[in-house]
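For any residue, its number in our numbering is found by taking its place in the sequence shown, counting from 1, and adding 1437.
Okay, so here's the structure we're looking at.
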Amino acid sequence: MDLDGDGKDDLVSGSWPGGIYLFPGTGKGKFGERRTLIEKAPLPDDHRYKQYGYTRYQAGALAAADWDGDGDVDLLCGTTFDTLYLFENEGSAKKPSFGEPVVLLDGKSSGVPNFRRQGPCVADWDGDGDLDLIAGTETAGVHLFRNTGTRKEPKLAKAEELLPGGKPWRKGYRAKVFVTDFDGDGAPDLLIGNCEYEEKKPRGTLHGYVYLCLRKKPAPKEE
1438 MDLDGDGKDD LVSGSWPGGI YLFPGTGKGK FGERRTLIEK APLPDDHRYK QYGYTRYQAG
1498 ALAAADWDGD GDVDLLCGTT FDTLYLFENE GSAKKPSFGE PVVLLDGKSS GVPNFRRQGP
1558 CVADWDGDGD LDLIAGTETA GVHLFRNTGT RKEPKLAKAE ELLPGGKPWR KGYRAKVFVT
1618 DFDGDGAPDL LIGNCEYEEK KPRGTLHGYV YLCLRKKPAP KEE
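Here is the structure:
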């Protein structure tokens, strides 16, 4: 992803403390020193986790895309809480600058129970020319939010379940999603990184896998 328009791929990362950072690409798969894009921010005073020192973009998981179709790169940020933010690029394609966050989805508007630790990905899932949102979650699996608006004025429809959630040892747990046509059949597939729990005595262990989920082709219509 070329955030600053210099023709070199950059790396953008969230963090557990809540800051969002840029590692500018220097070419040949190498990156420069970390730069702060968005400072960590406090939670509202009435937030139940503020007492523990948590911050607003805690455990940020990012997706970078031109969300509003204006020619520069915006950022979507999932968090450890039930809120997924959009940071619109208020600068330019070569000099990005990000303003105040907009709540893109939360626990209520998403319609997804336990809409936490979102792993957002932006792609044209339904092939209609605009960008849709695919989001992994803590325990609720992976959901599609179709863009029923336009390329420049996105509007998200109700969630459609792509992969069920469940108990922590299933592949829908803390899912982080990437969309690509893995098998070259013209349909987008899912790569999903996850966290799994294995029960062992005296303590359980956490580990993870990367799953490939190939999209099924619709059955041909009968004439």
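Just so it is clear, CB atoms sit at the ideal spot from N, CA and C, and this is done for glycine as well.
As the structure is a prediction and not an experimental result, all values here were calculated from the model.
Assuming the contact rule is C-beta atoms closer than 8 Å, V1647 and G1630 should be a hit. Round their C-beta distance to whole Å, please. Translated into positions along the sequence shown, residue 1647 becomes position 210. Translated into positions along the sequence shown, residue 1630 becomes position 193. Right, their Cβ atoms sit about 5 Å apart.
Check whether V1549 and L1499 have beta carbons under 9 Å apart: For the purposes of this step, residue 1549 is taken as the residue at position 112 of the sequence shown. For the purposes of this step, residue 1499 is taken as the residue at position 62 of the sequence shown. In terms of Cβ geometry, V1549 and L1499 do not form a close pair [threshold 9 Å].
Residues of its chain near A1496, where Cβ-Cβ distance is below 6 Å and the 5 sequence neighbours each way are ignored: Within the sequence shown, residue 1496 is the residue found at index 59, counting from 1. Excluding sequence neighbours, A1496 sits near W1453 and T1517.
Alpha-carbon spacing of A1411 relative to G1464, whole angstroms: Residue 1411 cannot be examined here, being either before or after the span of the chain that is shown, 1438 to 1660.
What does DSSP give as the partner residues of H1580 in its beta bridges? Taking the sequence shown and counting its residues from 1, the one referred to as residue 1580 is at position 143. A1572 and E1598, per the DSSP bridge assignment.
Sort G1469, L1521 and L1581 by Cα distance to L1568 and report the nearest one. As a first step, residue 1568 must be located in the sequence shown, where it is residue number 131. Proximity to L1568 across G1469, L1521 and L1581 peaks at L1581, based on C-alpha coordinates.
Hey, quick one: how far does the alpha helix (DSSP H) through S1546 stretch, first residue to last? On the sequence shown, residue 1546 is found 109 positions in, with the first residue counted as 1. S1546: member of the alpha helix (DSSP H) spanning G1544 to S1547, first to last residue.
Cα separation between Y1491 and L1480? Here residue 1491 refers to the residue found at position 54 of the sequence shown. Here residue 1480 refers to the residue found at position 43 of the sequence shown. Taking the straight line joining both Cα atoms gives about 7 Å.
Mind checking if G1528 is an interface residue toward chain B, Cβ cutoff 9 Å exclusive? No chain B is part of this structure, which consists of one protein chain only.
T1492 - containing beta strand (DSSP E), residue span: Translated into positions along the sequence shown, residue 1492 becomes position 55. It is not in any beta strand (DSSP E) - T1492 carries neither H nor E in the DSSP assignment.
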